[in-house]
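K.L.:
Protein sequences, first through last, are from chains A and B.
Under the UniProt record's numbering, the first residue of the first sequence is numbered 1, with each subsequent residue one higher.
Under the UniProt record's numbering, the first residue of the second sequence is numbered 1, with each subsequent residue one higher.
Before anything else, here's the structure in question.
Protein chains: 2
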Amino acid sequence: MRPNNNSSKLALSPLTNEVNQMQSNPQSGSRAAQHASPNRQKPQREFEHVRESMHLAISMNKTEVIDSVLDDFSEGYFSLSYESRWRLLLGLAKEYDLNRTQVRELIKQYLGGEEAQLSGPEEEGLLASFYRIERNLRHALKPKYEALFERLNMHSGGLKFLSILRADILSILAEENIASLRALDSDLKEKLGTWLSPAALELHQITWDDPASLLEKIVAYEAVHPISNLIDLKRRLGVGRRCFGYLHPAIPGEPLIFIEVALLKNVAQTIQEVLWDDPPIPEREATCALFYSISSTQPGLAGINLGKFLIKRVITLVKRDMPHVSTFATLSPIPGYIQWLLSKLASQSKIAEDDMSQSSADRSGSTFQENLLEPEEEKAMMDISEEFAAGKNGMEVMLNLLTSMNQEWSKSAELLSVLRTPLLRLCARYLLQEKKRGKALDSVANFHLQNGAMVERINWMADKSEKGLHQSAGIMVNYVYRLENIEEYAVSYFSSGHIQASDEIRHYVEPMKKPEATTD
Amino acid sequence: MRPNNNSSKLALSPLTNEVNQMQSNPQSGSRAAQHASPNRQKPQREFEHVRESMHLAISMNKTEVIDSVLDDFSEGYFSLSYESRWRLLLGLAKEYDLNRTQVRELIKQYLGGEEAQLSGPEEEGLLASFYRIERNLRHALKPKYEALFERLNMHSGGLKFLSILRADILSILAEENIASLRALDSDLKEKLGTWLSPAALELHQITWDDPASLLEKIVAYEAVHPISNLIDLKRRLGVGRRCFGYLHPAIPGEPLIFIEVALLKNVAQTIQEVLWDDPPIPEREATCALFYSISSTQPGLAGINLGKFLIKRVITLVKRDMPHVSTFATLSPIPGYIQWLLSKLASQSKIAEDDMSQSSADRSGSTFQENLLEPEEEKAMMDISEEFAAGKNGMEVMLNLLTSMNQEWSKSAELLSVLRTPLLRLCARYLLQEKKRGKALDSVANFHLQNGAMVERINWMADKSEKGLHQSAGIMVNYVYRLENIEEYAVSYFSSGHIQASDEIRHYVEPMKKPEATTD
Chain A
1 MRPNNNSSKL ALSPLTNEVN QMQSNPQSGS RAAQHASPNR QKPQREFEHV
51 RESMHLAISM NKTEVIDSVL DDFSEGYFSL SYESRWRLLL GLAKEYDLNR
101 TQVRELIKQY LGGEEAQLSG PEEEGLLASF YRIERNLRHA LKPKYEALFE
151 RLNMHSGGLK FLSILRADIL SILAEENIAS LRALDSDLKE KLGTWLSPAA
201 LELHQITWDD PASLLEKIVA YEAVHPISNL IDLKRRLGVG RRCFGYLHPA
251 IPGEPLIFIE VALLKNVAQT IQEVLWDDPP IPEREATCAL FYSISSTQPG
301 LAGINLGKFL IKRVITLVKR DMPHVSTFAT LSPIPGYIQW LLSKLASQSK
351 IAEDDMSQSS ADRSGSTFQE NLLEPEEEKA MMDISEEFAA GKNGMEVMLN
401 LLTSMNQEWS KSAELLSVLR TPLLRLCARY LLQEKKRGKA LDSVANFHLQ
451 NGAMVERINW MADKSEKGLH QSAGIMVNYV YRLENIEEYA VSYFSSGHIQ
501 ASDEIRHYVE PMKKPEATTD
Chain B
1 MRPNNNSSKL ALSPLTNEVN QMQSNPQSGS RAAQHASPNR QKPQREFEHV
51 RESMHLAISM NKTEVIDSVL DDFSEGYFSL SYESRWRLLL GLAKEYDLNR
101 TQVRELIKQY LGGEEAQLSG PEEEGLLASF YRIERNLRHA LKPKYEALFE
151 RLNMHSGGLK FLSILRADIL SILAEENIAS LRALDSDLKE KLGTWLSPAA
201 LELHQITWDD PASLLEKIVA YEAVHPISNL IDLKRRLGVG RRCFGYLHPA
251 IPGEPLIFIE VALLKNVAQT IQEVLWDDPP IPEREATCAL FYSISSTQPG
301 LAGINLGKFL IKRVITLVKR DMPHVSTFAT LSPIPGYIQW LLSKLASQSK
351 IAEDDMSQSS ADRSGSTFQE NLLEPEEEKA MMDISEEFAA GKNGMEVMLN
401 LLTSMNQEWS KSAELLSVLR TPLLRLCARY LLQEKKRGKA LDSVANFHLQ
451 NGAMVERINW MADKSEKGLH QSAGIMVNYV YRLENIEEYA VSYFSSGHIQ
501 ASDEIRHYVE PMKKPEATTD
């Protein structure tokens, strides 16, 4: 019943997944499994019980021992259905926010105290009492549910439970935008951000010697290139490969984010080279460390940038062990490309069509009109339209080709040769120019750019898997990290949204400027 | 120049100490040492530089890369004299608290928004905007210096630096009570409390195989029974001994608190048995785990109860490895006993004297008057007064004996036999009945009682070291932890201040009630 926890590509049933998540607390695990049995009785009474333990967890005097209450609450929570969780969380957001009567009373005191403080001389006694009022007001403005979050943070296993709570909250908010719950979410997100400080995260090299319970998590959460079996996993942890994860001491045995690295002679152009280069090259011959997969494991930590220091720390570590590795690059998916392109093609071909149907005097009047295709691309597209896909203009032909059954276009040499140029060119445009709130529209691009990378190269037919064709017409991108420029690039991306790119890729979108001969 | 950092009993020069504390950041360590050289030039310019970097660290846009600014600030801070740090911290407290104009403006919006929200129907859009104002007000009420604390918390080495900052703040506040600085301290303390969540602390068994840099810290910070040399240290980590520390991942290589354990046949009555039982008994014969020393290493974490779960976790660990160990007890100092007793004796003997000098009709009129001695003790004291120490009454004789040069009383068999009964009896009273805000007056007693221990036994001449005689007339106390009662005792101590004690020790203060024969 926890829909937002299915980021894993391997089929783990929701229940298995849930039990996994509770392994840090084996006692509660067994009890929850019991509760979760389909023959559960009296769900309403159970709901009331959980609500009561939640209330105790918030309102008990803080000097009392509340460990057992918190255990009780989290165990009970796991036994609830998705609908009951929804009710419970909504109740938490609405009934445990502020005591607004108290806030108003303190505001009155505050305004009075401020006057006294501003008019009178700096008297320590007066100041102390003013600071006290200010502090009381600050505390009164803290929603009561913060007590629950703070107590769980101090409680063994509580941080993991908070991340599960937040995953549920996000999944509710995705269905319905509820102001009070959104306020609660932004509060919880802020707290989780400081509690999961990067300074407390431990970089751990994951190897075949690690416990199966940890490796199982890697298999379950690898979101980019699914791990097909144990042999595949062993290869990814073996010679010529590295895997690093960030662990937090309060969430043991489960990396919050992990990164897979291949040691290669050159920056790979296709994912096949990386996943199936058997046998790998001897490590002493490697000059490139290629980051080919980064996955975060906790949907409840969405929006908290845990990866910020990960790449920098991994680079430092690899460089220390292997000084002969001089290039640090990624081979990354472009998850939003085709979705963006299809919507662009649909709207523009529609505008072009409308335009054509008008009298010649009105033509090209739309300010939004733009032919996404260059003249020679338009011509090539129309040339093949009769045989392969109908369309009144090049863009519509391209749209129809790309949305045809089973990615038929990718199996025809002729279609590939016609589509290659516009697909690559528009991909460069998508990566370098399409923005949202001043940041790269593509989420993976945004991740690497804010970490200080540059866009180096796009690669044709780099990922021929169904997912790769579907997301990005099989195109993948290399981002490159230059240690000496990481800070500078990150700052300029943050402050002005400037995207660093190689001349080669810039050439796609600025046809006037030829790439220099010396570009490597 | 960091006076509050001398908790260590071994002579580390302040400079060495400071450099030690910076070892997590070797780069800054060397630069700081350089700055700290006595030939430093232009301290004023340096002060301005540090203040500037502090300002940047607080006010830079949060998306910019501030790591180098934070490094700059902490390096600069270490180069400052104690006086400059005082000025800087005072400036931080006064100039970086709130923007009160903004607070007032938001209060106005808040009161308006609240009215609209309370009168109108539950409309999500209106609610959302109200929550936003509420959140803005909450944020505006956060002092600006919180940004510095939060950024340091996220920064590598920052948590350690914050604990040094707070140690300096506490030492300033001990000299002068400044309202704004006290407000800053309470804010910082609250933050440190949540960032150093017990759930993130790692229990580590410290052994002779640990790095010298860590063992060095144990030697430096052992505050109860100083470690005299490497052989002494090796013994405390060897057969029949255990040492456990709490480490936080953001403060690597340095336990925040550590506890030393001796495995014994019986609960030790003197510290000499523990420190010099050479050779120790075979571990399989042990039935008692004795906690004989608990030291915290960070003066800047004062008031944050890091020990809360330590003892419970250590007991669980020892029990798992050695099921035959059934008794968990301490042999603890009573640091405040003699100080309390001397002040009591001085005031009461003064009152008694004044009373004697009044006419007989007025005698015993003072409601505060109390003879601390029983009649037979009073008599014994007066009997020896001629030979050993003058005094108009028993209390004054006792006071003079206890304050005589070089603890002469402890070297005379006759004096020991006279002092023994009243010293033990009054010690039991001090431990069981003397309170401050409902908690045990003695700090070590308070620590163990809030952890769920009971007062089991007091031991005569248990620590004959100069410090032991000085603090508690050589008396030490055994607190006992009974796993099955820990929770219950902690709750009852917290809620009502009730102190659990054995019949044996209660007998000292309730002479009517005889101890039962079966008490062990």
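We put the CB at the ideal spot given by N, CA and C, even for glycine.
Since we're looking at a predicted model, the values are computed, not measured.
What are the boundary residues of the beta strand (DSSP E) that includes residue 241 (chain A)?
P.N.:
Start at 1 with the first residue of the first sequence, and residue 241 (chain A) comes out as number 241. Unbroken beta strand (DSSP E) run through residue 241 (chain A): 241-247.
K.L.:
When you check each C-beta in the stretch 134-165 of chain A against every C-beta of chain B, which residues fall closer than 8 Å?
P.N.:
The residues in question are 134, 135, 137, 138, 141, 142, 150, 153, 154, 155, 156, 157, 158, 159.
K.L.:
In chain order, what residues of the same chain have a beta carbon less than 7 Å from the beta carbon of residue 381 (chain B), not counting five sequence neighbours either side?
P.N.:
Position 381 of the second sequence holds residue 381 (chain B). Closer than 7 Å at the Cβ level, and outside the excluded window around residue 381 (chain B), lie 373, 394, 397, 398, 418.
K.L.:
Using a cut-off of 7 Å between C-beta atoms, extract the partners of residue 198 (chain B) located in chain A.
P.N.:
In the second sequence, counting from the first residue as 1, residue 198 (chain B) sits at position 198. Within chain A, the residues near residue 198 (chain B) are 154.
K.L.:
Can residue 181 (chain B) and residue 173 (chain B) be called in contact, C-beta distance under 8 Å?
P.N.:
Position 181 of the second sequence holds residue 181 (chain B). Position 173 of the second sequence holds residue 173 (chain B). Going by C-beta atoms, residue 181 (chain B) is nearer than 8 Å to residue 173 (chain B).
K.L.:
What is the DSSP secondary structure of residue 284 (chain A), counted as helix, strand or coil?
P.N.:
Your numbering for residue 284 (chain A) matches position 284 in the first sequence. In this structure, residue 284 (chain A) counts as helix in the three-state DSSP scheme.
K.L.:
How is residue 257 (chain A) classed by DSSP in three states: helix, strand or coil?
P.N.:
Counting from one through the first sequence, the residue named residue 257 (chain A) turns up at place 257. Three-state DSSP puts residue 257 (chain A) in a strand.
K.L.:
Does the distance from the CB of residue 454 (chain A) to the CB of residue 430 (chain A) come in under 8 Å?
P.N.:
As a position in the first sequence, residue 454 (chain A) is number 454, starting the count at 1. As a position in the first sequence, residue 430 (chain A) is number 430, starting the count at 1. Result no, Cβ atoms of residue 454 (chain A) and residue 430 (chain A) do not sit closer than 8 Å.
K.L.:
Below 9 Å between beta carbons is the criterion; list the residues of the stretch 82-116 of chain A that meet it against any residue of chain B, in chain order.
P.N.:
Going along the stretch 82-116 of chain A in chain order, one finds 97, 98, 100, 103, 104, 107, 110, 111, 114 with a Cβ nearer than 9 Å to chain B.
K.L.:
Give me the residue from B:421, B:57, B:80 with the minimum Cα distance to residue 44 (chain B).
P.N.:
Within the second sequence, the letter at position 44 stands for residue 44 (chain B). Comparing Cα positions, the closest option is B:80.
K.L.:
Does the separation of the CB atoms of residue 296 (chain A) and residue 345 (chain A) fall below 8 Å?
P.N.:
Taking the first sequence and counting its residues from 1, the one referred to as residue 296 (chain A) is at position 296. Taking the first sequence and counting its residues from 1, the one referred to as residue 345 (chain A) is at position 345. No. Outside cutoff.
K.L.:
Taking the Cβ atom as the reference point for each residue, do residue 246 (chain A) and residue 310 (chain A) lie within a distance shorter than 8 Å?
P.N.:
What you label residue 246 (chain A) is simply residue 246 of the first sequence in a count that begins at 1. What you label residue 310 (chain A) is simply residue 310 of the first sequence in a count that begins at 1. Their beta carbons are under 8 Å apart, which means residue 246 (chain A) touches residue 310 (chain A) by this criterion.
K.L.:
Out of A:204, A:357, A:179, A:211, which has the shortest C-alpha to C-alpha gap to residue 249 (chain A)?
P.N.:
By 1-based counting over the first sequence, the position of residue 249 (chain A) is 249. Of A:204, A:357, A:179, A:211, the residue nearest in Cα terms is A:204.
K.L.:
Taking only three categories from DSSP, how would you classify residue 229 (chain B)?
P.N.:
The residue labelled residue 229 (chain B) in the question sits at position 229 within the second sequence. It is coil, neither helix nor strand.
K.L.:
Can you give me the C-alpha to C-alpha distance between residue 341 (chain A) and residue 57 (chain B), rounded to a whole angstrom?
P.N.:
As a working note, residue 341 (chain A) is residue 341 in the first sequence. As a working note, residue 57 (chain B) is residue 57 in the second sequence. Near 42 Å, if we compare the C-alpha coordinates of residue 57 (chain B) and residue 341 (chain A).
K.L.:
Taking C-beta pairs closer than 8 Å, name the residues in chain A that residue 131 (chain B) reaches, listed in chain order.
P.N.:
Position 131 of the second sequence holds residue 131 (chain B). 179, 180, 182, 183, listed in chain order.
K.L.:
If you reduce the DSSP assignment to three classes, tell me which class residue 509 (chain A) lands in.
P.N.:
In the first sequence, the residue the question calls residue 509 (chain A) occupies position 509. Three-state result, residue 509 (chain A): helix.
K.L.:
Give every residue of the same chain whose Cβ lies closer than 8 Å to the Cβ of residue 301 (chain B), excluding the five residues on either side of it in the sequence, and list them in chain order.
P.N.:
Locating residue 301 (chain B) in the second sequence gives position 301, where the first residue counts as 1. These residues qualify, in order along the chain: 163, 166, 192, 196, 256.
K.L.:
Is it right to say residue 356 (chain A) is buried, meaning 16 or more other beta carbons lie within 10 angstroms of its own, or is it exposed?
P.N.:
For the purposes of this step, residue 356 (chain A) is taken as residue 356 along the first sequence, with counting starting at 1. Result: exposed.
K.L.:
Between which residues of its own chain and residue 490 (chain B) is the CB-CB distance below 7 Å, once the five residues before and five after are set aside?
P.N.:
Indexing the second sequence from 1 puts residue 490 (chain B) at position 490. Counting only Cβ-Cβ distances below 7 Å, and skipping sequence neighbours, we find 450, 451, 452.
K.L.:
Alpha carbons only, please: which of B:67, B:183, B:55 is nearest the one belonging to residue 308 (chain A)?
P.N.:
Along the first sequence, read from residue 1 onward, the residue named residue 308 (chain A) stands at position 308. Nearest of B:67, B:183, B:55 to residue 308 (chain A), Cα basis: B:67.
K.L.:
List the residues of chain A whose Cβ lies closer than 8 Å to the Cβ of residue 127 (chain B), in chain order.
P.N.:
What you label residue 127 (chain B) is simply residue 127 of the second sequence in a count that begins at 1. What residue 127 (chain B) touches in chain A: 179, 180.
K.L.:
Based on the DSSP output, what are the partners of residue 479 (chain B) in its beta bridges?
P.N.:
Stepping through the second sequence from its first residue, residue 479 (chain B) is reached at position 479. Bridge partners of residue 479 (chain B): B:455.
K.L.:
List, in order along the chain, the chain A residues whose C-beta lies closer than 7 Å to that of residue 249 (chain B)?
P.N.:
What you label residue 249 (chain B) is simply residue 249 of the second sequence in a count that begins at 1. Residues of chain A passing the Cβ test: 200, 202, 249.
K.L.:
At the 8 Å Cβ level, is residue 353 (chain A) part of the contact set with chain B, yes or no?
P.N.:
The residue given as residue 353 (chain A) occupies position 353 in the first sequence. Not an interface residue.
K.L.:
So, using beta-carbon positions, are residue 168 (chain B) and residue 85 (chain B) closer together than 8 Å?
P.N.:
The residue you call residue 168 (chain B) lines up with position 168 of the second sequence. The residue you call residue 85 (chain B) lines up with position 85 of the second sequence. Against a cut-off of 8 Å, the Cβ pair of residue 85 (chain B) and residue 168 (chain B) comes out as a contact.
K.L.:
DSSP three-state call for residue 312 (chain B): helix, strand or coil?
P.N.:
For the purposes of this step, residue 312 (chain B) is identified with residue 312 of the second sequence, where counting begins at 1. Three-state result, residue 312 (chain B): helix.
K.L.:
In whole angstroms, give me the CA-to-CA distance for residue 387 (chain A) and residue 420 (chain A).
P.N.:
Counting from 1 along the first sequence, the entry for residue 387 (chain A) is found at position 387. Counting from 1 along the first sequence, the entry for residue 420 (chain A) is found at position 420. Spanning the two alpha carbons is a distance of roughly 18 Å.
K.L.:
Within the same chain, show all residues whose beta-carbon is closer than 8 Å to that of residue 4 (chain B), passing over the 5 residues directly before and after it, in chain order.
P.N.:
Reading the second sequence from its first residue, position 4 is the one you call residue 4 (chain B). Residue confidence for residue 4 (chain B) is low, a pLDDT of 37 falling below 50, so the modelled location carries little weight and cannot support an answer.
K.L.:
Compute every distance between the C-beta of residue 66 (chain B) and the non-hydrogen atoms of the ligand NAD, then say whether any falls below 7 Å.
P.N.:
Among the ligands in the structure shown, none appear at all, so the ligand NAD cannot be discussed.
K.L.:
Rounded to whole angstroms, how far is the Cβ of residue 213 (chain B) from the Cβ of residue 253 (chain B), which I believe are closer than 8 Å?
P.N.:
Along the second sequence, one-based indexing puts residue 213 (chain B) at 213. Along the second sequence, one-based indexing puts residue 253 (chain B) at 253. Their Cβ separation, rounded to whole angstroms, is 6 Å, which keeps residue 213 (chain B) and residue 253 (chain B) in contact under 8 Å.
K.L.:
Strictly by DSSP, which residues pair up with residue 295 (chain A)?
P.N.:
Here residue 295 (chain A) is taken as the residue at index 295 of the first sequence, counted from 1. Partner(s): A:258.
K.L.:
Around the C-beta of residue 239 (chain A), are 16 or more other C-beta atoms found within 10 angstroms, so that it is buried, or is it exposed?
P.N.:
Reading the first sequence from its first residue, position 239 is the one you call residue 239 (chain A). It is exposed - the Cβ of residue 239 (chain A) has fewer than 16 other Cβ atoms within 10 Å.
K.L.:
In chain order, what residues of the same chain lie with their CB nearer than 6 Å to the CB of residue 463 (chain B), ignoring the 5 residues before and after it?
P.N.:
Here residue 463 (chain B) refers to the residue found at position 463 of the second sequence. The residues are 271, 474, 476.
K.L.:
Leaving out five residues on either side along the sequence, give the residues of the same chain with a beta carbon under 8 Å from the beta carbon of residue 510 (chain A).
P.N.:
Counting from one through the first sequence, the residue named residue 510 (chain A) turns up at place 510. If we look at residue 510 (chain A) and ignore the five residues flanking it on each side, it has no Cβ neighbours.
K.L.:
When the Cα of residue 96 (chain B) is compared with those of B:71, B:441, B:54, B:108, which residue comes out closest?
P.N.:
On the second sequence, position 96 is the one that residue 96 (chain B) refers to. Among B:71, B:441, B:54, B:108, the Cα nearest to that of residue 96 (chain B) belongs to B:54.
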